[in-house]
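Number of protein chains: 2
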Amino acid sequence: MPGPVLIYSRFPKALMKRISEKFDLIDAAGKPPVTVFSKDELANVRALITAGGQSLRADVMDTLPNLGAIVCYGTGYDGVDLEAAKARNIVVANSPAANASAVADLAMMLMLTATRKIIPADQYVRSGGWAAATPSPLMTAPAGLPGAKIGVYGMGAIGRKIASRAAAFEMDVGYFNRTNYADLPYTYFPTLEGLVDWCDILMVAVRAGADTQHIINADMLKRLGPNGTVVNISRGSTIDEKALVAALRDKTIAAAALDVFETEPHKPDALTEFPNVVVTPHIGGHTLESHAGMQGCVIQNLTAFYAGKGVAHPVT
Amino acid sequence: MPGPVLIYSRFPKALMKRISEKFDLIDAAGKPPVTVFSKDELANVRALITAGGQSLRADVMDTLPNLGAIVCYGTGYDGVDLEAAKARNIVVANSPAANASAVADLAMMLMLTATRKIIPADQYVRSGGWAAATPSPLMTAPAGLPGAKIGVYGMGAIGRKIASRAAAFEMDVGYFNRTNYADLPYTYFPTLEGLVDWCDILMVAVRAGADTQHIINADMLKRLGPNGTVVNISRGSTIDEKALVAALRDKTIAAAALDVFETEPHKPDALTEFPNVVVTPHIGGHTLESHAGMQGCVIQNLTAFYAGKGVAHPVT
Chain P
1 MPGPVLIYSR FPKALMKRIS EKFDLIDAAG KPPVTVFSKD ELANVRALIT AGGQSLRADV
61 MDTLPNLGAI VCYGTGYDGV DLEAAKARNI VVANSPAANA SAVADLAMML MLTATRKIIP
121 ADQYVRSGGW AAATPSPLMT APAGLPGAKI GVYGMGAIGR KIASRAAAFE MDVGYFNRTN
181 YADLPYTYFP TLEGLVDWCD ILMVAVRAGA DTQHIINADM LKRLGPNGTV VNISRGSTID
241 EKALVAALRD KTIAAAALDV FETEPHKPDA LTEFPNVVVT PHIGGHTLES HAGMQGCVIQ
301 NLTAFYAGKG VAHPVT
Chain Y
1001 MPGPVLIYSR FPKALMKRIS EKFDLIDAAG KPPVTVFSKD ELANVRALIT AGGQSLRADV
1061 MDTLPNLGAI VCYGTGYDGV DLEAAKARNI VVANSPAANA SAVADLAMML MLTATRKIIP
1121 ADQYVRSGGW AAATPSPLMT APAGLPGAKI GVYGMGAIGR KIASRAAAFE MDVGYFNRTN
1181 YADLPYTYFP TLEGLVDWCD ILMVAVRAGA DTQHIINADM LKRLGPNGTV VNISRGSTID
1241 EKALVAALRD KTIAAAALDV FETEPHKPDA LTEFPNVVVT PHIGGHTLES HAGMQGCVIQ
1301 NLTAFYAGKG VAHPVT
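First to last, the sequence lines map onto chains P and Y.
When we follow this note's numbering, the leftmost residue of the first sequence carries the number 1, and every step to the right adds one.
When we follow this note's numbering, the leftmost residue of the second sequence carries the number 1001, and every step to the right adds one.
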């Protein structure tokens, strides 16, 4: 076995089991590696596995003098300082598209749950409200999906799968993306503002980074409007959560459905008090097949790296 | 205005508003018409509007000596005694397909909610379980939809829309139906047993009637198996609820998601105690567009009837 491979983020053991059959893993469990391992142990580490959203900056890299590969479990790599890695000849790899279907499925579920109000509906039945014919404002007929305008922000692997699902729901699909893909049968908007002005449902599927930090701000939420719903399955950093709470409080928008948050795990707060908000604990890519796909990518990346062939899925 | 048109079932006033602009409505609000109106008033009634699932038998028809048309709001007409109507020269009409997209959307949402466990996930975030890293068996990775086998029982307008949505979710789609439609790209099963043995998710979209009463019984649930989920957006009568409760208690099946129940409104009971059950208060067709479509069909049916042209959408 080559190795040892450092597990930098906190992962459930079950997710690392398959990888541990091929590589010798040493687990920092989310703590700074220098606080867990000796200098000698850290000097042996040539590769690490991390969750792409977790901060991994120059200071940590400098505690691993022989680090050559940062392998992200998942699609994202927004927590990794790519410049610092490049300066140290550390290659960064990810698991592209392995979780795209699972995330797109959750995105559709969040949209449906928010617009058709399934959580209050379930509670209405369980609590006896239906049996007692208790008046419920939540039971007012909502707009359905067919003909509704969905704006997909970010047309990567996940955005494409959201768009194809939305088309099957008879929705009118538009998107904003750096590239206008001629092969896609959806309406391209050259600006995010144009997309948000147009759509009823804004689906945030963009890759997170410094350029998308708080890009969904008070102005964008105002553009989305009082019948608008925002769904985020990207990263919490893309939405200004304070502005979102204000927009929900003032009914500037109708609803929000979020799988990701500015700080994770997200603590109960003003956001989780709204009945027209749906929140899930970052489970977009959390299916058996998605994990198997991501584990496969990690193994491919590490195998290539230790064979001296770079990584299988480099972040460019 | 022709009329008066009797409103036989209990409907929210808002749903009858558009119809009331064209027809003179008298509202029994779900009570036996003889207890609400005089014999003379009832003798004037030539048409009535009902919810298709509500019992409407010979005894009620006989209190309306000049009744010529029973117009169902929605697709279903399972509560109407068709033989008794025919014997009295009463034509029965419905609103075919007007709610199909809305019902199919809810079916997909119920499937996603049950398999991806969104209600416990939302509760986990809201309650602070996520922030406290409370262990949660519900957070174990579930199987995703891509590659999963969905068995659509009943390939009418709703079944077709469920199937096309499921295909966009990259599911393997099979169906059982009296007719094997050569134009459909899905796997046809010649028996319901064969479909249920095969599928992971059973989607009940069949028209309710005497022949489908409790057709999803203990044997079918055993065939569905411990990884199986049953979703019902048809009528509660199609599932033996006692057998369903036993199957959930004994883990004979994994989960259930129900918009319809044997008795509606459904009272809290053993069924609503399970965490792996999702329940909604018969809101499948409950969207603005779906109601507009159903109201349009009712108006078409009544307009044709009073013009002496039969009904626009006869039940045959």
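Here a beta-carbon is modelled for each residue, glycine too, at the ideal position from N, C-alpha and C.
Around the C-beta of N1177/Y, are 16 or more other C-beta atoms found within 10 angstroms, so that it is buried, or is it exposed? buried
Counting C-beta neighbours from all protein chains within 10 Å, is the total for L1006/Y 16 or more, i.e. buried, or is it exposed? buried
N- and C-terminal bounds of the alpha helix (DSSP H) containing K161/P: A157 to A168
Within chain C, partners of W1130/Y - CB distance below 7 Å: No chain C is part of this structure, whose protein chains are labelled P and Y.
Residues of the segment 139-171 of chain P in Cβ contact with chain Y at a cutoff of 8 Å, in chain order, please. M139, A141, P142, A143, G144, L145, P146, G147, S164, R165, A167, A168, F169 and E170
Proximal chain Y residues relative to S290/P, where beta-carbon distance stays under 7 Å: G1144
Is the segment 1245-1253 of chain Y in contact with the segment 1210-1227 of chain Y, if contact means three or more CB pairs nearer than 8 Å? yes
Contact list for Y124/P against chain Y, beta-carbon separation under 7 Å: P1281
Report the residues of the segment 1109-1120 of chain Y with a CB closer than 7 Å to any CB of chain P, ordered along the chain. M1109, L1112, T1113, R1116, I1118 and I1119
What beta strand (DSSP E) runs, 3 residues minimum, are completely inside the segment 19-62 of chain P? 25-27 and 47-51
Taking 9 Å as the CB-CB cut-off, is D1105/Y touching chain P? yes
Enumerate in chain order the residues of its own chain whose CB-to-CB distance from A210/P is below 8 Å, with the five nearest sequence positions on each side excluded. none
Does the contact criterion of 3 or more C-beta pairs under 8 Å hold for the segment 97-106 of chain P versus the segment 1135-1154 of chain Y? yes
Can you list, in chain order, the residues of its chain whose CB lies under 6 Å from that of P2/P, leaving out five sequence neighbours each side? Y306
With a cut-off of 9 Å, does the C-beta of S1055/Y fall near any C-beta of chain P? no
Taking the CB atoms as reference points, tell me whether L15/P and H291/P lie closer together than 9 Å. yes
Since D1197/Y is in the alpha helix (DSSP H), which residue starts that stretch and which ends it? L1192 to W1198
Determine the DSSP secondary structure at M1171/Y, reduced to helix, strand or coil. coil
T187/P (DSSP reduced to helix, strand or coil): strand
Would you mind working out which of K222/P, R223/P, T263/P and G225/P sits nearest E241/P, comparing C-alpha positions? T263/P
Contact defined as beta carbons within less than 8 Å: I believe A1047/Y pairs with V1071/Y. What is the distance between those atoms, to the nearest angstrom? 6 Å
Under 9 Å by beta carbon: chain P residues contacting A1304/Y: By Cβ distance, chain P contributes nothing, its closest Cβ being about 26 Å from A1304/Y, past 9 Å.
Just how far apart, CA to CA, sit T1280/Y and S1234/Y? 13 Å
Of all Cβ atoms in chain P, is any one closer than 9 Å to the Cβ of A1058/Y? no
Between the beta-carbon of V1152/Y and the beta-carbon of Y1181/Y, is there less than 9 Å? no
Check the DSSP bridge columns for G1151/Y and list the partner residues they point to. G1174/Y and L1202/Y
With a threshold of 9 Å between beta carbons, is V1278/Y in contact with chain P? yes
Could you run through the segment 209-240 of chain P and flag, in chain order, every residue whose CB is less than 7 Å away from some CB of chain Y? none
Under 9 Å, do K1013/Y and L1302/Y count as touching if we go by C-beta distance? no
Going by beta carbon distance, what residues of the same chain come within less than 6 Å of A312/P, once the five residues before and after it are set aside? Q300, N301 and A304
Run the CB neighbour count on G1308/Y, radius 10 Å, all protein chains shown included, and call it buried at 16 or more, exposed below. exposed
With A1205/Y and I1150/Y assumed to form a contact (beta carbons below 8 Å), what rounded beta-carbon distance in angstroms separates them? With 8 Å as the limit, A1205/Y and I1150/Y do not qualify as a contact, their Cβ atoms being about 11 Å apart.
Can you give me the Cβ contacts of C297/P inside the same chain, cut-off strictly under 6 Å, excluding the 5 residues immediately before and after it? S95, A98 and H313
Just mark S9/P as buried or exposed, buried being the case when its beta carbon has 16 or more other beta carbons within 10 Å. buried
Please identify the residue among M1171/Y, D1122/Y, A1132/Y and P1190/Y whose C-alpha is closest to the C-alpha of G1154/Y. P1190/Y
To the nearest angstrom, how far is it from the Cα of T962/Y to the Cα of A28/P? For residue 962/Y there is no data in the structure shown, the boundaries of chain Y being 1001 and 1316.
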